Amino acid sequence: MESKNMNLKKNIFKNTVIKFLLITIIISIIFSGIHNYVKYIFHNYIARVNGIKVTDLSVQKLYHLQNSQADSIKKIYTKNSISNNIHYVHQIYQQIISQIINELLLNNLLRKYSFQIEEKQIIENIQSNPNFQTNEQFNQKKFKIFLKKYHIPFKEYKNFLKQQILHEKFLTTLFESNFILPYEVNNAIDAHFQNRVIQTADIDIKPFLHNTKIPQTQINDYYYNNCQGLSFPEKYKINFFQINKKNITVKNYSDQEILTWYKKYTSDRLAPEQKNFSVIQVNDKKIAKNILKRLKNGENFSNLAKKYSVDTISASQGGNLGWFITDTFPDTIQIANLQKKHEISDIIQSKLSFYIFQLNDIFQSEKNDENKNFGLIKKKFYEYQQNKQFNKIKKQIQKILKNTKYNLQKTAKKIQVPIVTSNWINKNTNTNDFYIKNIIHKIKSNTVHYNQNYNYNNASIINKDDQIFVFSLKNIYPKMQKTLKEVQKEIIQILEKKYAIEKATEKAKNIVKQLQKNDNKNLNTLIHFSQKKIVTPLDKDELTNIVFQLPHPNNNKIVYSIAKNKQGKVTIIILHKIFTPVITPQEKFKIYENLLFNNTTKMFTLLFKNLYKSDYIEYK
Numbered sequence: 001m002e003s004k005n006m007n008l009k010k011n012i013f014k015n016t017v018i019k020f021l022l023i024t025i026i027i028s029i030i031f032s033g034i035h036n037y038v039k040y041i042f043h044n045y046i047a048r049v050n051g052i053k054v055t056d057l058s059v060q061k062l063y064h065l066q067n068s069q070a071d072s073i074k075k076i077y078t079k080n081s082i083s084n085n086i087h088y089v090h091q092i093y094q095q096i097i098s099q100i101i102n103e104l105l106l107n108n109l110l111r112k113y114s115f116q117i118e119e120k121q122i123i124e125n126i127q128s129n130p131n132f133q134t135n136e137q138f139n140q141k142k143f144k145i146f147l148k149k150y151h152i153p154f155k156e157y158k159n160f161l162k163q164q165i166l167h168e169k170f171l172t173t174l175f176e177s178n179f180i181l182p183y184e185v186n187n188a189i190d191a192h193f194q195n196r197v198i199q200t201a202d203i204d205i206k207p208f209l210h211n212t213k214i215p216q217t218q219i220n221d222y223y224y225n226n227c228q229g230l231s232f233p234e235k236y237k238i239n240f241f242q243i244n245k246k247n248i249t250v251k252n253y254s255d256q257e258i259l260t261w262y263k264k265y266t267s268d269r270l271a272p273e274q275k276n277f278s279v280i281q282v283n284d285k286k287i288a289k290n291i292l293k294r295l296k297n298g299e300n301f302s303n304l305a306k307k308y309s310v311d312t313i314s315a316s317q318g319g320n321l322g323w324f325i326t327d328t329f330p331d332t333i334q335i336a337n338l339q340k341k342h343e344i345s346d347i348i349q350s351k352l353s354f355y356i357f358q359l360n361d362i363f364q365s366e367k368n369d370e371n372k373n374f375g376l377i378k379k380k381f382y383e384y385q386q387n388k389q390f391n392k393i394k395k396q397i398q399k400i401l402k403n404t405k406y407n408l409q410k411t412a413k414k415i416q417v418p419i420v421t422s423n424w425i426n427k428n429t430n431t432n433d434f435y436i437k438n439i440i441h442k443i444k445s446n447t448v449h450y451n452q453n454y455n456y457n458n459a460s461i462i463n464k465d466d467q468i469f470v471f472s473l474k475n476i477y478p479k480m481q482k483t484l485k486e487v488q489k490e491i492i493q494i495l496e497k498k499y500a501i502e503k504a505t506e507k508a509k510n511i512v513k514q515l516q517k518n519d520n521k522n523l524n525t526l527i528h529f530s531q532k533k534i535v536t537p538l539d540k541d542e543l544t545n546i547v548f549q550l551p552h553p554n555n556n557k558i559v560y561s562i563a564k565n566k567q568g569k570v571t572i573i574i575l576h577k578i579f580t581p582v583i584t585p586q587e588k589f590k591i592y593e594n595l596l597f598n599n600t601t602k603m604f605t606l607l608f609k610n611l612y613k614s615d616y617i618e619y620k
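Once you know that position 528 of the sequence shown is 528 in UniProt numbering, the rest is easy, because the numbers rise by one and skip nothing.
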């Protein structure tokens, strides 16, 4: 097992740690640590790490190298250079500054631990690079062309390689010191695959409602202890106007203009053919044959997938694998060769598993046939024009708002739209409405609205994909505490429900005592219990978390529990047994891999966080 684990770790290191951790984790750590402090003064940027300066020149040198590579890619899609995109420039500068600081921190750590490499390792690295080879032999001419192209002196490139090799050596040493104990794997298997067999019984609280007379003293006490929550919320009236994209009219264009646009902006295919598949994967041929027989007899594919499929991810979705472009089918699906909706394959055998596929749906490819698809092309063209016009109006409104010092009346007049006054709104007004939530958030965050000098005409803008909403505050009605008389009935209902839940819980406790005393005999004579059912960690039932917190039944002794939810529902839970089904070696391997990756991620995260705390970094 140890040698297998080591091979696995080496593979993960090659494929994941170098490519993913060094790029994603390290840079993301830096972003989270530096982002709040770095300010971009592109022509005079200086940072110091343990006394070593990071100059603007070194940043710009790396920036231009990255920019030239990125531009060559982006030219395929647009004529606009990335270098003209200010957001991109800021992002890349931030990444490069982070990268330089990160390397300086790591270099300092390597010096402390005396990490060294020999000169011949650097030469071997250069000579084994495929970019500098011809017919698998080192080509010095290619290497010199590379150095000349990027204006890199040989000595500088050697130092760069030396640092890269040292970094890799150090990170490899760290990674290979990581290991996973067998009990950690077993705990993870339990967390993913463990099944628990339970029965439940709900106790209705309705019979206990209205059975208790609530004394006035308790009503008074509740009111005075909870009066802050018993109030009419602050409410507002606003003036507003809105622009809806679907209401924007677009001028008529000729068919020739539409086709010219289509040829310029679309590819050879509007959309490739795609197919949606489901799968049932099992490890036993007899089980596969039985499932196929049941499917042919009309049983539901999704239900059988949930019950039998060992591919836990797709099984949780009823076997659904999602959409595949025809040219990218996995080998097993290609063998199945399904052509019709709802068609089910025979059993497809691989080295370790047996598969049954179902073709759920087909999205047909749409060829670049201008005559056949002209209706669709025309629709897309007018959607494009509408989007273009909508974005133009959005920019225009933002500009006018700025020029009028966010005056709603003047802005509405300039774009010739009417202003509407709303009804009173508060935090409880249609809380699912996108605008209500955002309006109240903007008003609340603007604390000056409580000031008598607040300019009620000061406008705010809320942008949505297909709408622009501009408003200003017209009036505020402050939060008002309700009187005892206004909330007396509400308090009585709250207290009645509280006592009903207490009585239902007491009844549940008594039932559990009797069941424990009689060793669960005559179960349904006390209260109706559900049939036994299996609960897994993937279930989304509200009881799942509670069920998996219950202790293991010892010596086949049943475990009882009582659960209450936020709505006041009281449930008795009987836990009969716990078992973990047999999992495949591949599944166990995957769990080991995930644990190793998570541990490594934490290790690198802590390492660089510690470097940022212990080393001296100054930003100017």
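Note that CB positions come from ideal geometry on N, CA and C, so glycine has one too.
Owing to the predicted nature of the structure, the values given are computational and were not obtained by experimental measurement.
A563 to V535, Cα distance in whole Å? Here residue 563 refers to the residue found at position 563 of the sequence shown. Here residue 535 refers to the residue found at position 535 of the sequence shown. Answer to the nearest angstrom: the Cα atoms are 16 Å apart.
Between the alpha carbons of S460 and P233, how many angstroms are there, rounded? On the sequence shown, position 460 is the one that residue 460 refers to. On the sequence shown, position 233 is the one that residue 233 refers to. Going from the Cα of S460 to the Cα of P233 covers about 22 Å.
Per DSSP, F170 forms a beta bridge with which residues? To locate residue 170, count along the sequence shown from 1; it is residue 170. Bridge partners of F170: none, in fact.
I believe T200 touches I573 by the beta-carbon criterion, under 8 Å. Please report the beta-carbon distance rounded to the nearest angstrom. As a position in the sequence shown, residue 200 is number 200, starting the count at 1. As a position in the sequence shown, residue 573 is number 573, starting the count at 1. Rounded, the Cβ-Cβ distance is 6 Å, consistent with contact.
Work out the CA separation of I287 and S353 for me, nearest whole Å. Taking the sequence shown and counting its residues from 1, the one referred to as residue 353 is at position 353. Taking the sequence shown and counting its residues from 1, the one referred to as residue 287 is at position 287. The straight-line gap from Cα to Cα measures roughly 11 Å.
Measuring straight from C-alpha to C-alpha, what distance separates K513 and W424? Translated into the one-based positions of the sequence shown, residue 513 becomes position 513. Translated into the one-based positions of the sequence shown, residue 424 becomes position 424. If I take the Cα positions, the gap works out to 54 Å.
Excluding the five sequence neighbours on either side, which residues of its own chain have a C-beta within less than 8 Å of the C-beta of residue 628, listed in chain order? The requested residue 628 does not occur in the structure, where the chain is confined to residues 1 to 620.
Indicate whether F143 and F132 have their beta-carbon atoms separated by less than 8 Å. Counted from its first residue, the sequence shown places residue 143 at position 143. Counted from its first residue, the sequence shown places residue 132 at position 132. Yes.
Check whether the Cβ atoms of residue 621 and L359 lie closer than 8 Å to each other. This structure gives no information on residue 621, because the portion of the chain shown stretches from 1 to 620.
Please state whether DSSP places Y253 in a helix, a strand or coil. For the purposes of this step, residue 253 is taken as the residue at position 253 of the sequence shown. Y253: coil per DSSP, three-state reduction.
Identity of the residues DSSP links to Q242 by a beta bridge: If you number the sequence shown from 1, residue 242 lands on position 242. Looking at the DSSP assignment, Q242 forms a beta bridge with F469.
What's the gap between the Cα of K9 and the Cα of N610? Reading the sequence shown from its first residue, position 9 is the one you call residue 9. Reading the sequence shown from its first residue, position 610 is the one you call residue 610. Residue confidence for K9 is low, a pLDDT of 46 falling below 50, so the modelled location carries little weight; the figure read from the coordinates is stated next. Each residue's CA atom was taken as its position, placing K9 and N610 some 25 Å apart.
Please state the DSSP three-state secondary structure of T563. Working through the sequence shown from its first residue, we reach residue 563 at position 563. In the sequence on display, residue 563 carries Ala and not Thr. Taken through DSSP and simplified to helix, strand or coil, A563 comes out as strand.
Out of W323, F324 and I291, point me to the one whose CA is closest to Y308's CA. Residue numbering aside, residue 308 sits at position 308 when the sequence shown is read from its first letter. Here the closest residue by C-alpha is I291.
If you draw a straight line from the C-alpha of P585 to the C-alpha of V282, how long is it? Taking the first residue of the sequence shown as position 1, residue 585 is located at position 585. Taking the first residue of the sequence shown as position 1, residue 282 is located at position 282. Each residue's CA atom was taken as its position, placing P585 and V282 some 13 Å apart.
Checking the sheet assignment: what are the DSSP bridge partners for T424? Here residue 424 refers to the residue found at position 424 of the sequence shown. Going by the sequence as given, residue 424 is Trp instead of Thr. For W424, DSSP records no beta bridge to any residue.
Under three-state DSSP, which class holds T536? Within the sequence shown, the letter at position 536 stands for residue 536. Reduced to three states, the DSSP call for T536 is coil.
Less than 8 Å separating the beta-carbons of Y236 and L230? As a working mapping, residue 236 is identified with position 236 in the sequence shown. As a working mapping, residue 230 is identified with position 230 in the sequence shown. For Y236 and L230, no; Cβs fall outside 8 Å.
Would you tell me roughly how many angstroms separate the C-alpha atoms of K158 and P330, rounded to the nearest one? Here residue 158 corresponds to residue number 158 of the sequence shown, with the count starting at 1. Here residue 330 corresponds to residue number 330 of the sequence shown, with the count starting at 1. Whole-angstrom Cα-Cα distance: 43 Å.
Would D202 and T429 qualify as a contact pair, given that the criterion is a beta-carbon distance under 8 Å? The residue you call residue 202 lines up with position 202 of the sequence shown. The residue you call residue 429 lines up with position 429 of the sequence shown. Their beta carbons are not under 8 Å apart, which means D202 does not touch T429 by this criterion.
At least three beta-carbon pairs within less than 8 Å, the segment 580-595 to the segment 180-192: Output reads yes: the segment 180-192 touches the segment 580-595.
Just list the residues that DSSP pairs M480 with in beta bridges. Locating residue 480 in the sequence shown gives position 480, where the first residue counts as 1. Looking at the DSSP assignment, M480 forms a beta bridge with F232.
Span of the beta strand (DSSP E) holding G322? Taking the first residue of the sequence shown as position 1, residue 322 is located at position 322. N320 to I325 is the span of the beta strand (DSSP E), which, as asked, contains G322.
Spatial neighbours of N244 within its chain, please: CB distance less than 6 Å, with the 5 preceding and 5 following residues excluded, ordered by chain position. For the purposes of this step, residue 244 is identified with residue 244 of the sequence shown, where counting begins at 1. Q467, listed in sequence order.
Measure how close the beta-carbons of Q389 and V250 come, nearest whole angstrom, since I'm counting them as under 8 Å. Taking the first residue of the sequence shown as 1, we reach residue 389 at position 389. Taking the first residue of the sequence shown as 1, we reach residue 250 at position 250. At roughly 6 Å, the Cβ-Cβ gap stays under 8 Å, so Q389 and V250 are in contact.
Looking at the strands, I want to know which residues DSSP matches up with S460. Here residue 460 is taken as the residue at index 460 of the sequence shown, counted from 1. DSSP, once it has assigned bridges, lists F471 as partnering S460.
Report, in whole angstroms, the separation of the C-beta atoms of I214 and E496, which I expect to be a contact under 8 Å. In the sequence shown, counting from the first residue as 1, residue 214 sits at position 214. In the sequence shown, counting from the first residue as 1, residue 496 sits at position 496. The beta carbons of I214 and E496 sit about 7 Å from each other, so the pair counts as a contact at 8 Å.
Any idea if K602 is buried or exposed, counting beta-carbon neighbours within 10 angstroms, 16 or more meaning buried? Along the sequence shown, one-based indexing puts residue 602 at 602. By the neighbour-count rule (16 or more Cβ atoms within 10 Å), K602 is not buried but exposed.
Rounded straight-line distance, which links the Cα of E118 to that of T600: Sequence index remark: in the sequence shown, residue 600 carries index 600 (1-based). Sequence index remark: in the sequence shown, residue 118 carries index 118 (1-based). The alpha-carbon atoms of T600 and E118 are separated by roughly 28 Å.
For K509, which option in W323, Y560, S278 and N276 has the closest C-alpha, if you only look at C-alpha atoms? Stepping through the sequence shown from its first residue, residue 509 is reached at position 509. Ranking W323, Y560, S278 and N276 by CA distance to the CA of K509 puts Y560 first.
In terms of residues, what are the limits of the beta strand (DSSP E) holding S302? Within the sequence shown, numbered from 1, the residue matching residue 302 stands at position 302. From DSSP, S302 is part of no beta strand (DSSP E) but of the alpha helix (DSSP H) over F301 to Y308.
Per DSSP, residue 689 forms a beta bridge with which residues? In the structure as shown, the chain begins at 1 and stops at 620. Residue 689 is therefore absent and cannot be evaluated.
Taking D284 as the reference, which of L259, I347, A336 and L321 has the closest Cα? In the sequence shown, the residue the question calls residue 284 occupies position 284. Answer by Cα proximity: I347.
What would DSSP say about F138, mapped onto helix, strand or coil? By 1-based counting over the sequence shown, the position of residue 138 is 138. Note: F138 maps to strand in three-state DSSP.
Supposed close pair N125, I165 - CB separation, criterion 8 Å: The residue labelled residue 125 in the question sits at position 125 within the sequence shown. The residue labelled residue 165 in the question sits at position 165 within the sequence shown. Confirmed, Cβ separation roughly 6 Å.
Return the chain-ordered ranges of every alpha helix (DSSP H) run that is complete within the segment 366-408 and spans a minimum of 4 residues. With a minimum length of 4 residues, the continuous alpha helix (DSSP H) runs that stay inside the segment 366-408 are 374-403.
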